[in-house]
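Taking it in order: structure first as structure tokens, then the write-up.
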Amino acid sequence: MTGAADAYPASARTGTRFAVLGPIRAWRGSEALPSGTPQQRALLAALLLRGGRTATAPELIDAIWGEDPPQQALATIRTYASRLRKVLAPGMLVSESGGYAIRTPTGALDLGIARSLAADADQARTAGDRTLARTLLARALDLWDGEPLAGVPGPHAETERTRLAEWHLQLLETRLDLDLELGHHAEAVSELTALTAAHPLQERLRELLMLALYRSGRQAEALAVYADTRRLLADELGVDPRPELSALQQRILRADAELARAEDPAPAAAPAHVRPAQLPATVADFTGRATFVNELGEILSGVGGQVMAVSALAGIGGVGKTTLAVHVAHAARPHFPDGQLYVDLQGTEPRPAEPVAVLGSFLRALGTPDTAIPDTAAERAALYRSTLDGRRVLVLLDNARDAAQVRPLLPGTAGCAALVTSRVRMAGLAGAHLVDLDVMSPEEALQLFTRIVGAERVGAERQAALDVVGACGFLPLAIRIAASRLAARRTWTVSVLAAKLADGRRRLDELQAGDLAVKATFELGYGQLEPAQQRAFRLLGLADGPDISLAAAAAVLDRPERDTEDLLEALVDCSLLESAAPGRYRFHDLVRLYARACADRDEQPPSGRDAALDRLLDFYLATASAVYAVERPGDRLPAHLSATHYPGLRFAEPRAALDWLYAEADPLLACVRQASVRSTGQGSVVDVLRRSVDLLWAAKDLAESGANSKQYESAAVALRDAAHAAKDPHAEGRARTTLTNVHLVAGRFDEADDEARQAMVLAREAGDPLPSCWAPNDRGIIALYQGRHADGERYLLEAIENFRADGNHIGEASALCNLSRIHVELGRLTSAIDLAEQGIAIYDRMGLTLRLANGRYALGIALTQAGRLGEAQTQLTEALSLFHDNRQPLWEGVTHFRLAVAHLAAHRPTLAAAHAEQAIALRGIGGEWRRATVLTLLGKALRRLGQRDRARVCWRDAEVVFKQLKSAELAEVQALLASEIAA
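Residues 100 to 1082 in my numbering are what the sequence shown lists, from first letter to last.
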């Protein structure tokens, strides 16, 4: 222990520093200093807590011994002071006025740091920065290391201990209040449950727990907390809950929407209007864009007397750059009484407007006679700036090609401003305020559609209208075209239009009305690209998924990453591609459709399209296999995966590998789904299917992640059906094995067993060792959960035999640990412990961190049932840490559950409830069956804590789930409810 040195200022880390928020300790740098006997520590504590002020000898004697000091108390004080002076830095302990003082530099005492952090947090909260306030409070609370002044004797220490404990609780309450304000209610429930158990009469904690439960969708439990509190206060103190608590109960009963605590909306900027005659008319149905209107309006309204302001709007064609710029320019008219100028620079045309011609037009509009307008661009630009000097003029430069075209047209004096729109981001305009305009929000899109079509038609078919604007990708031009078509056809319903746009192959053709067409807008940008950029645009559009990484894009294009990045950034500059994050890129939905149309039309030979997707599939498979190998060294799976022709990434350590896997989850699973419907490729249909199934297996961590479980299941179902249609038992057997794991994780045991049973049959037909090993292993786990212990033992013994035949030691260890759990249920506790230890020995021998966690988990269960609770908690705690470090949220949750079981068996209901709440907080992980089993256990812990109303709510929730699933656990939870009724 080094006193959390990083919590101290840098100036204090190498000097002498002290801690009182726990045991009394002192350090010089990283060296711990001796603090002496308990009474000597009491002297040190008394001096440190005075903050540098002198304590007289009588004060110190009273602080250490109270009313019963020893005969030689003063001499003893002097002895303690002498010993401390030898330990501390010279001059730190001083004698003056018959007493002593310790003079520490700022930041040398943990209590002082905590007070400073708490004060800063209070200021941050007052200023409205709740995130910073919460962070500062968390740092302050982290300085506590158990009971303050632990082991220090004397009345003064006892008084200070109580005061500091109360302050610690106040800080905790404030931090938890901030947690709720910031939306972290689900995470706060566990901590609040433990705190209310430890401080049952603290009504503020009960109030926070009720609010956290309510915001987590657990209204009945929130009300049960109130009922428990009211009964406790009546029994213990003979009083009712305080008014604030009662008011909260009433608001929960009313489902008061204000409890959601929405952010206050930003104040709307005052409307502003700009004059001159050259501005095009603004559209009557301008909709949304409030943030950008306010932002640009504020810049333009503040131009007076300042340097000339330039705002450059960039975005994809059809996103509404011109509409927004014209609307903002009209709004800013009062701030530019000397007029405005407008020009369409035709940047997307083959021959953009020449600056020299535009300058001539502007000079005429400003009153310069033709005879006074010079011939050269440089002379015209100089005269233009001179003419604007002293005036307040707004210049709107629409549809610019690049920064070089814009620079000569910018005013050069204070009081003027320029608005620029372009498909290219104007990073080359020094000092410009750059605005990247994205598509509309769904609400804005629906509002625009409604304004054009009419509220009555949209109101009658709201869902169809949402489908239409979704098919338009929320692109304003597309929405305007679709709405205009519908408005002109009174016999059409909104549903008719939605059906027409649902066909992605014809969507772009449907989005044209009169001289407006989405495809034509995109064609202008595509036509300006160089051949290599056009190829990159076409091929990247073929890949499904929300975005694509630079490395994956390099695989699609079969080019080095550096060349690929140059091509992609060029597409970003042209607004045909978006930079989702550093090293990640994405298409707008309609632009992707256009890119695919270009690939169908222009990509020669056509086989190049399939080759690009094959390279992407190979890249994902090779990289996912590398992730699996790094995370599970020695596992035989990579040796059984399909060979790849395009290389993947390599990783030196598991954290980087897992970072890649979770970052790539969505595009990787999209690639799998896309492969399931492809009909051709460099190899056969079967080859594509087999590589796709292997990719899914190598990425199995995603099935247990919670965030990606649904997408993973969808991909697995698609592959299973495609493999079945292709009559390939090899691919189908592996696909069914991945689906087994999906159903198992979700608690759908009947579906899991059916998939595993068919996988075993297919594995024998195909002679495939992977499902032959893992399917019986999974069936053993399923049988365990369903109480079919003899079946489970048979399946697991078969799995162990098959794993050994394949030389798969890791699989063997996994099956041994699973068999251990079967033996626990059969009452063979000695063999259960032995089997788990055999599995751990294999994992230890192979140096497998993640797998070792599974072994310790199984051993912890066996030890719990054997009554060796201390050893069980040690094993489970180590397993929990390993699961957390390896980002296995499903296993984190079930380990919290098992720790709760162990603590409840050890008569520690507060800790049991805390672990159960943490298992529940991992919501969406493990399915409804696991949630119900945790709720059952949580109810037992709460009943032990005297919170019987809340316990009944937990059991009723579990009862509903078990009834729906027809689970055997239903009988237990109904018995618990019956026992409460009887009581």
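In this text, a Cβ means the ideal position worked out from N, Cα and C, and glycines have one as well.
Next item on the list: Rounded to whole angstroms, what's the CA-CA distance from Pro340 to Ala323? Just pull it up for me.
Entry: Distance between the alpha carbons of Pro340 and Ala323: 14 Å.
Check: Rounded to whole angstroms, how far is the Cβ of Ala631 from the Cβ of Leu666, which I believe are closer than 8 Å?
Finding: 6 Å
Note to self: Distance check for Thr390 and Leu279, CA to CA, integer angstroms please.
What the structure shows: 27 Å
Margin query: Quick check for students: name the residue ranges of the alpha helix (DSSP H) that lie wholly in the stretch 316-366, counting only runs of 4 or more.
Written below: 318-335, 342-352
Next item on the list: If I'm right that Thr447 touches Gly624 with Cβ under 8 Å, what's the distance once you round it to whole angstroms?
Entry: 7 Å
Note to self: Quick check on Asn953: does DSSP put it in helix, strand or coil?
What the structure shows: helix
Checklist line | alpha helix (DSSP H) segments (min. 4 residues) lying fully within the stretch 444-491 | finding: 454-464, 476-487
Notebook entry, point to check: Does the pairing of the stretch 790-809 with the stretch 827-845 give three or more beta-carbon distances under 8 Å?
Noted result: yes
Note to self: Run through the DSSP bridge pairs and tell me what Leu496 is partnered with.
What the structure shows: Here Leu496 is bridged, per DSSP, to Val442, Val519.
Notebook entry, point to check: Would you call the stretch 715-726 and the stretch 688-703 in contact, with 3 or more CB pairs under 8 Å?
Noted result: Taking 8 Å as the limit for Cβ pairs, the verdict is that the stretch 688-703 does not touch the stretch 715-726.
Check: Can you tell me the Cα-Cα spacing of Ala174 and Thr963, whole angstroms?
Finding: 55 Å
Item checked: Where His687 falls: helix, strand or coil (DSSP) -> coil
Notebook entry, point to check: Going by beta carbon distance, what residues of the same chain come within less than 7 Å of Ser315, once the five residues before and after it are set aside?
Noted result: His284, Ala285, Val288
Next item on the list: Check whether the Cβ atoms of Ala464 and Gly438 lie closer than 9 Å to each other.
Entry: yes
Check: Apart from the five residues just before and just after Tyr884, which ones in its own chain have a Cβ nearer than 6 Å to its Cβ?
Finding: Excluding residues within five positions, the ones whose Cβ falls inside 6 Å are Phe848.
Notebook entry, point to check: When you compare only the Cα positions, how much space is there between Gly970 and Leu294?
Noted result: Checking the sequence, you will find Glu at residue 970 rather than Gly. One C-alpha to the other measures close to 26 Å.
Checklist line | Cutoff 8 Å; reference Tyr894; Cβ partners in own chain excluding five residues on either side | finding: Pro875, Asn876, Arg878, Gly879, Ala882
Checklist line | Those runs of the alpha helix (DSSP H) which lie wholly inside the stretch 834-908 and span at least 4 residues | finding: Whole alpha helix (DSSP H) segments, 4+ residues: 848-865, 868-884, 888-905.
Margin query: What does the alpha-carbon distance come out to for the pair Val690 and Pro451?
Written below: 23 Å
Next item on the list: May I ask you to report which of helix, strand or coil DSSP gives Gly198?
Entry: strand
Check: By DSSP, does Thr1032 sit in helix, in strand, or in coil?
Finding: helix
Item checked: Start-to-end residues for the beta strand (DSSP E) that takes in Arg604 -> Going by DSSP, Arg604 is part of no beta strand (DSSP E) at all; its letter is neither H nor E.
Next item on the list: Take the Cβ of Leu641 as the centre, count every other Cβ of all protein chains shown within 10 Å, and call the residue buried at 16 or more, exposed below.
Entry: buried
Notebook entry, point to check: Sorted by chain position, which residues of the same chain lie with C-beta nearer than 6 Å to Glu195's C-beta, five sequence neighbours on each side aside?
Noted result: Thr153
Next item on the list: Determine, using beta carbons only, whether Val442 and Leu399 come nearer to each other than 9 Å.
Entry: Going by C-beta atoms, Val442 is not nearer than 9 Å to Leu399.
Check: By Cβ distance, which residues of its chain are closer than 7 Å to Leu378, with the 5 residues on each side in sequence left out?
Finding: Val425, Ala428, His429, Gln439, Tyr441, Leu495
Margin query: Looking only at its chain, what residues have a beta carbon closer than 7 Å to the beta carbon of Gly682, apart from the 5 residues adjacent to it on each side?
Written below: Ser648, Leu649
Notebook entry, point to check: Measuring CA to CA, which of Ala616, His922, Ala912, Arg927 is closest to Arg955?
Noted result: Ala912
Item checked: Euclidean distance between Cα positions of Thr1009 and Thr994 -> 17 Å
Next item on the list: Out of Pro449, Tyr179, Leu444, Ala476, point me to the one whose CA is closest to Gly459's CA.
Entry: Ala476
Notebook entry, point to check: Could you give the distance in angstroms between the alpha-carbon of Leu767 and the alpha-carbon of Arg777?
Noted result: 15 Å
Check: Tell me which same chain residues have a C-beta within less than 6 Å of the C-beta of Glu272, skipping the five on either side of it?
Finding: Arg303
Note to self: Are the CB atoms of Cys916 and Leu975 within a distance shorter than 9 Å?
What the structure shows: no
Next item on the list: With a cut-off of 8 Å on the beta carbons, I'd call Gly414 and Ser678 a contact; round off their distance for me.
Entry: No, Gly414 and Ser678 are not in contact; Cβ-Cβ is about 13 Å, not under 8 Å.
Notebook entry, point to check: According to the Cβ coordinates, are Gly128 and Pro204 closer than 9 Å?
Noted result: no
Notebook entry, point to check: Arg1042 to Ala1050, Cα distance in whole Å?
Noted result: 6 Å
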